[in-house]
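Since the structure comes first, as structure tokens, the remarks are kept for the end.
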Amino acid sequence: MTESNDTPVLPEEGEERQHRRIKSFVMRAGRMTEGQQRGLEQGTPLFVLPLADAPVDFDQVFGRSAPRSLEIGFGMGHSLLEMAAAAPEQDFIGVEVHRPGVGALLNGVLTQGLTNLRVYDCDAIEVLNRCVADNSLDRLMLFFPDPWHKSRHHKRRIVQASFAELVRSKLKVGGVLHMATDWEPYAEYMLEVMNVAPGYRNLAEDGKCVPRPAERPITKFERRGERLGHGVWDLKFEKVA
Numbered sequence: 625m626t627e628s629n630d631t632p633v634l635p636e637e638g639e640e641r642q643h644r645r646i647k648s649f650v651m652r653a654g655r656m657t658e659g660q661q662r663g664l665e666q667g668t669p670l671f672v673l674p675l676a677d678a679p680v681d682f683d684q685v686f687g688r689s690a691p692r693s694l695e696i697g698f699g700m701g702h703s704l705l706e707m708a709a710a711a712p713e714q715d716f717i718g719v720e721v722h723r724p725g726v727g728a729l730l731n732g733v734l735t736q737g738l739t740n741l742r743v744y745d746c747d748a749i750e751v752l753n754r755c756v757a758d759n760s761l762d763r764l765m766l767f768f769p770d771p772w773h774k775s776r777h778h779k780r781r782i783v784q785a786s787f788a789e790l791v792r793s794k795l796k797v798g799g800v801l802h803m804a805t806d807w808e809p810y811a812e813y814m815l816e817v818m819n820v821a822p823g824y825r826n827l828a829e830d831g832k833c834v835p836r837p838a839e840r841p842i843t844k845f846e847r848r849g850e851r852l853g854h855g856v857w858d859l860k861f862e863k864v865a
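One rule links them: number in the numbering used here = place in the sequence shown (from 1) + 624.
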């Protein structure tokens with residue numbers, strides 16, 4: 625999972641107003657392995673979707689109608705690959721701007737021969753606004769986004785009231801926004817945002833966090849954190865209206 629790619633970024637004070645559009649990521653440079661380069665070269669024409677100006681017909685893209693999940697910020701793609709391989713009856717869409725991560729995911733798709741996964745390599749907010757039809761997703765996943773620890777940077781967090789409303793518009797009724805974080809204050813912040821967001825129901829019995837869902841694979845990062853005594857908090861909110 626990535627912890628830095630998909631977070632809204634606002635310019636510092638003094639920058640021109642025309643550059644104040646919020647983005648869902650911070651661009652990071654990175655070196656390519658041979659496998660990642662192969663994934664980009666061979667997988668891009670097959671599995672990377674262009675940013676469209678109108679909602680995409682994903683039934684046509686995948687050649688079927690199936691439950692559909694979208695993940696924002698899949699990092700190196702290990703978890704998304706595992707989920708797609710474990711649920712061939714479902715379709716998955718991943719959004720990531722980190723080129724090595726996109727290459728790694730595409731290399732995995734090619735190696736495993738998966739057909740139920742497509743990728744956007746651009747801003748997730750743009751993808752949601754321009755490419756995803758309203759009331760079309762069964763699930764949206766946001767795992768380990770950058771928590772932007774400092775108070776003055778909280779405005780950069782992707783989880784905001786406007787994000788919750790955008791996601792709600794794209795989910796079907798009964799669809800789920802699933803978030804996970806390894807930083808408890810961010811989990812508490814997510815709860816504050818989502819508990820007042822209209823049209824959602826918290827699926828946790830205690831009104832807080834759910835037990836780690838079996839469908840979310842455990843990453844190497846998460847295993848290392850568990851060995852160090854770090855916690856992980858999962859939140860699930862269902863669209864009810």
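Positions of the beta carbon are idealized from the N, C-alpha and C atoms, including for glycine.
For residue j and residue i, the rounded distance between their alpha carbons
{"i": "Val743", "j": "Gly718", "result": "5 Å"}
{"i": "Arg723", "j": "Gly667", "result": "13 Å"}
{"i": "Ile646", "j": "Leu852", "result": "Because the pLDDT at Ile646 is just 49, under 50, the model does not fix this residue reliably, and the value given afterwards should be weighed accordingly. Their backbone Cα atoms lie some 35 Å apart in a straight line."}
{"i": "Ala828", "j": "His854", "result": "21 Å"}
{"i": "Glu850", "j": "Phe716", "result": "27 Å"}
{"i": "Val721", "j": "Arg825", "result": "31 Å"}
8 Å Cβ shell around residue i - same chain, five flanking residues per side excluded
{"i": "Leu761", "result": "Arg692, Ser693, Leu694, Lys794, Leu795, Lys796, Gly799"}
Residue of the options minimising C-alpha distance to residue i
{"i": "Ala821", "options": "Val864, Arg754, Arg655, Val751", "result": "Val864"}
{"i": "Ala676", "options": "Gly831, Cys755, Asp770, Pro669", "result": "Cys755"}
{"i": "Phe845", "options": "Pro837, Ser703, Val791", "result": "Ser703"}
{"i": "Cys746", "options": "Val726, Asp830, Leu827", "result": "Val726"}
{"i": "Ile749", "options": "Ala709, Glu808, Asp758, Val791", "result": "Val791"}
{"i": "His773", "options": "Gln684, Val721, Tyr810, Phe861", "result": "Tyr810"}
{"i": "Ser689", "options": "Gln714, Pro669, Ile696, Arg655", "result": "Gln714"}
Contact set for residue i: own chain, Cβ-Cβ below 7 Å, skip 5 residues either direction
{"i": "Gly732", "result": "Gly701, Leu705"}
{"i": "Phe671", "result": "Leu730, Val733, Leu741, Arg742, Val743"}
Cβ distance (whole Å) where residue i is taken to contact residue j below 8 Å
{"i": "Leu859", "j": "Leu815", "result": "7 Å"}
{"i": "Met818", "j": "Ala788", "result": "6 Å"}
{"i": "Cys833", "j": "Trp807", "result": "Between Trp807 and Cys833 the Cβ distance is about 13 Å, and since that is not below 8 Å, they are no contact."}
Cβ-based neighbour list, residue i, same chain, cut-off 6 Å, excluding 5 preceding and 5 following
{"i": "Arg662", "result": "Asn731"}
{"i": "Leu801", "result": "Leu764, Val791, Phe861"}
Cβ-heavy atom distance, residue i to the ligand HEM, below 7 Å
{"i": "Glu720", "result": "The model depicted lacks the ligand HEM and carries no ligand whatsoever."}
Restricting to runs no shorter than 4 residues, where is the alpha helix (DSSP H) found entirely within the region 756-795? Runs of the alpha helix (DSSP H) lying entirely within the region 756-795 and spanning at least 4 residues, in chain order: 785-794.
Quick one: which unbroken beta strand (DSSP E) runs of 3-plus residues sit fully inside the region 798-830? Chain order, please. Assignment of beta strand (DSSP E) within the region 798-830, counting only whole runs of 3 or more residues, yields 824-826 in chain order.
As an exercise, report each continuous beta strand (DSSP E) stretch of at least 3 residues that is fully enclosed by the region 668-717, in chain order. Taking only runs of at least 3 residues, the beta strand (DSSP E) segments lying wholly in the region 668-717 are 692-696.
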